[in-house]
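Using my numbering, you'd call the opening residue of the sequence shown number 76 and step up by one each time.
For each residue, glycine too, the CB sits at the ideal point set by N, CA and C.
Predicted model, so just to flag it, every value in this text is computed and none were measured.
Input: a single structure, listed below in structure tokens.
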Amino acid sequence: MTTQPATRSEAAASRASWAPLVGLFLAQVLMSYNVSALPVSLGGMVETFGVPPTDVSTAIVTYGLVVAALVMVGAKIGQRVGWVIVFRVVVAVFAVSAVLMILAPTVGYVILAQALAGASAAIIVPSLVALIAENYHGRQQETAIGSLGSARALAGVSAFLIGGTLATLVGWRQVFVVVLVLAVAVFVLSFRMRGAPGNKAVKIDFVAAVLIGLGIVALTLGVNNLNSWGIISARPGAPFEILGLSPAPLLIVIGVVLVQLFFLWTRRRTKAGKVPLVSLSVFGSSRERAAVYAMFIVVALEAALNFTIPLYIQIVQGRTPFDTSLAMLPFNLTVFFTAIIVVRFYRRFSPRTIGMFSFSLTTVALVWLAFVVSNNWETLPTILGLFVFGVGQGALVTLVFNVLVTASPKTLAGDVGSVRGTTQNLASAVGTAVSGALLVGILSFNVASSLADHPELSPELVSQIDLDSVNFVSNDRLKGVLEEQTDASEAQVDAAVALNEEARLSALKLGLLLLAGVSAIAIVPASRLPRFRPGEIPESVATGEEV
Numbered sequence: 076m077t078t079q080p081a082t083r084s085e086a087a088a089s090r091a092s093w094a095p096l097v098g099l100f101l102a103q104v105l106m107s108y109n110v111s112a113l114p115v116s117l118g119g120m121v122e123t124f125g126v127p128p129t130d131v132s133t134a135i136v137t138y139g140l141v142v143a144a145l146v147m148v149g150a151k152i153g154q155r156v157g158w159v160i161v162f163r164v165v166v167a168v169f170a171v172s173a174v175l176m177i178l179a180p181t182v183g184y185v186i187l188a189q190a191l192a193g194a195s196a197a198i199i200v201p202s203l204v205a206l207i208a209e210n211y212h213g214r215q216q217e218t219a220i221g222s223l224g225s226a227r228a229l230a231g232v233s234a235f236l237i238g239g240t241l242a243t244l245v246g247w248r249q250v251f252v253v254v255l256v257l258a259v260a261v262f263v264l265s266f267r268m269r270g271a272p273g274n275k276a277v278k279i280d281f282v283a284a285v286l287i288g289l290g291i292v293a294l295t296l297g298v299n300n301l302n303s304w305g306i307i308s309a310r311p312g313a314p315f316e317i318l319g320l321s322p323a324p325l326l327i328v329i330g331v332v333l334v335q336l337f338f339l340w341t342r343r344r345t346k347a348g349k350v351p352l353v354s355l356s357v358f359g360s361s362r363e364r365a366a367v368y369a370m371f372i373v374v375a376l377e378a379a380l381n382f383t384i385p386l387y388i389q390i391v392q393g394r395t396p397f398d399t400s401l402a403m404l405p406f407n408l409t410v411f412f413t414a415i416i417v418v419r420f421y422r423r424f425s426p427r428t429i430g431m432f433s434f435s436l437t438t439v440a441l442v443w444l445a446f447v448v449s450n451n452w453e454t455l456p457t458i459l460g461l462f463v464f465g466v467g468q469g470a471l472v473t474l475v476f477n478v479l480v481t482a483s484p485k486t487l488a489g490d491v492g493s494v495r496g497t498t499q500n501l502a503s504a505v506g507t508a509v510s511g512a513l514l515v516g517i518l519s520f521n522v523a524s525s526l527a528d529h530p531e532l533s534p535e536l537v538s539q540i541d542l543d544s545v546n547f548v549s550n551d552r553l554k555g556v557l558e559e560q561t562d563a564s565e566a567q568v569d570a571a572v573a574l575n576e577e578a579r580l581s582a583l584k585l586g587l588l589l590l591a592g593v594s595a596i597a598i599v600p601a602s603r604l605p606r607f608r609p610g611e612i613p614e615s616v617a618t619g620e621e622v
């Protein structure tokens, strides 16, 4: 009897070591831990640098902005130079960003460090799928792909637990020592990975790269600074003004125009028979576009909640990062386990059913939280709301990624990875920026409108306070400012603190209701999600070769 010789992929699968996967798993943990550690460290950074929390949120926004702006060109660089070499270089740069975080003397260095981390992640994100395609096949590849989703969720849990403990007991800088250790471990393990040499035939469309990069930067900067620069009229904090108008909405308009020019340029290049930066076939049907919309909304909601809760617990309540960890634990643990379990339902329920049900859960949870939330995050009703939101969130993050990858032709898998990286990180940046601007904007409006209900706060006293710079502060911080910078009496200080408490809680409740509205709107694109089609990632994702 003769036996059929094993194919190359079968042979590779039979002898592939799990060591490369450990490195790739930790690389995903590295990126996710870094992002999750920033909200945990929010209170410590605000105290160390003496800046408002929205300044620290700029670092979070910067990371997502840079990844979103560069991930498409990052995928092409990896294919052209070779994934393993590029992977090692950017992991080393990520380690440098961690050192900057640990030693940062000002918040500006924190923002620079996150810009470097974002530039590194712009190549790490597409490299994960490409290196899995090069190192694993068959069942091993399915296991490897599934591990990335659980790694992201696990990093969120560990960041809040480990990071919260370190930030409370030692200091926020030590939280990023973990990032440095992870980066070193990934760099060492990268020498166990194998990869094809770079493909010099891969062309990079630099015009498209500049258009999409600048478009994303303009959009995100505009959204992030709507509150500080002004929604329409320029505020004193605006860097410049145009006929008295704020530059923030102008940047948003410029961003939208540049993104449209990117699509026009890409269509023109495709018609001319040239290779585009990313194939627009990924957005070829309403179903694929629905998956992109759903991914954007679910990641933006997660980012908004991950910024809002630490902001309120650490800044408003003046509690420790460890308290934040405990408050976020139900949510993060639920996301982690749901992300792993939901794949078991793909054969029994359609993506449409899972997607609509999950967005319904997140909507109900946010409405519930808006009504039950109080100055104590550890009440049973609040924990229940976070648990329900976590179930919907965990199911959606895994679902939309898997559906987007499998719904497109295998030849477009690399482009899908680029679109996924751009969408997720742009959504994370926009979600954080919008939630910060929204909450501060509502707070400012609430404070101004509530003054009439507190006649003990005289116009003379109010004139000593800059209502244009209202931000989230603790009661102790507010008392200190009023006592040191105004001539307020003890009764007036108490009245101002009471007003601020009411305005803060009202801003939080209204903010959660608005997020619930966004979640409810997302049920519409979820109803158009394409089918899930299991299959193997082609090696062209790594090499960029036509297949």
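Sorting Leu145, Ile199 and Asp130 by C-alpha distance to the C-alpha of Val159 places Ile199 at the top.
For Thr409, the enclosing alpha helix (DSSP H) covers residues Pro396 to Ile416. Pairing Val505 with Val298 gives a Cβ-Cβ distance under 7 Å. Closest by C-alpha distance to Asn109, out of Ser265, Asn521 and Leu191, is Leu191.
Cα atoms of Leu604 and Met370: separation of roughly 11 Å, rounded to the nearest angstrom.
When C-beta atoms of the region 468–476 are compared with those of the region 429–440, three or more pairs fall below 8 Å, so the two segments count as touching. Contact check for Ala258 against Val156 fails: the beta carbons are separated by 7 Å or more.
Annotated three-state conformation of Ile186 is helix, per DSSP. In this chain, the alpha helix (DSSP H) harbouring Asn109 covers Ala94 to Val115. Counting C-beta atoms within 10 angstroms of its own C-beta, Arg227 has 16 or more neighbours from the protein chains shown and is therefore classed as buried.
Taking a contact to require three or more Cβ pairs closer than 8 Å, the region 245–263 and the region 313–320 do not qualify as touching. Along the length of the region 131–160, whole alpha helix (DSSP H) runs at least 4 residues long do not occur. Here DSSP, grouped into helix, strand and coil, assigns Ile287 to helix. Beta-bridge partners of Ile317 (DSSP): Leu320. Here the alpha carbons of Leu380 and Val593 stand approximately 13 Å from one another. Following the DSSP letters along the chain, one finds Lys584 inside the alpha helix (DSSP H) bounded by residues Glu565 to Ile596.
For the pair Thr507 and Ile186, the CB atoms are not nearer than the 7 Å cut-off. The beta carbon of Gly511 sits closer than 6 Å to the beta carbons of Thr129 and Ser132 from its chain, once the five residues preceding and following it are set aside; these are given in chain order. Under the DSSP assignment, Phe251 falls in the alpha helix (DSSP H) whose first and last residues are Val250 to Leu264.
In this chain, the alpha helix (DSSP H) harbouring Leu380 covers Ser361 to Pro385.
Per DSSP, reduced to three states, the secondary structure at Ser308 is strand. In this structure the region 335–345 touches the region 277–284; the number of beta carbon pairs closer than 8 Å is three or more.
Membership of Arg427 in the alpha helix (DSSP H) is indicated by the continuous run Pro426 to Val447. Straight across, the Cα-Cα distance linking Ile327 with Lys584 is about 27 Å. Contact between Phe337 and Ile306 is ruled out by a C-beta separation of about 26 Å, above the 8 Å threshold.
If you ignore the 5 residues before and after Ala94, its C-beta comes within less than 6 Å of the C-beta of Arg267, all in its own chain and listed in chain order. When the beta-carbon positions are compared, Val115 and Ala242 come within less than 7 Å of each other.
Contact between Asp551 and Gly312 does not hold, since the beta-carbon distance rounds to 25 Å and is not under 8 Å.
With 16 or more other Cβ atoms inside 10 Å of its own Cβ, Phe382 counts as buried.
Of the residues assessed, Glu565 falls on the exposed side of the cut-off, its CB having fewer than 16 other CB atoms within 10 angstroms. Annotation for Thr181: no alpha helix (DSSP H) segment contains it, and DSSP assigns it neither H nor E. In the same chain as Val277, and ignoring 5 residues on each side of it, the C-beta atoms closer than 7 Å to its own belong to Lys151, Gln154, Arg155 and Gly619, in chain order. If you check the CB distance, Ala143 and Ile291 come in under 7 Å.
The three-state secondary structure of Gln499, taken from DSSP, is helix. Exclusion of the five residues before and after Ser303 leaves Gly312 as the residues of its chain whose Cβ lies within less than 6 Å of its Cβ.
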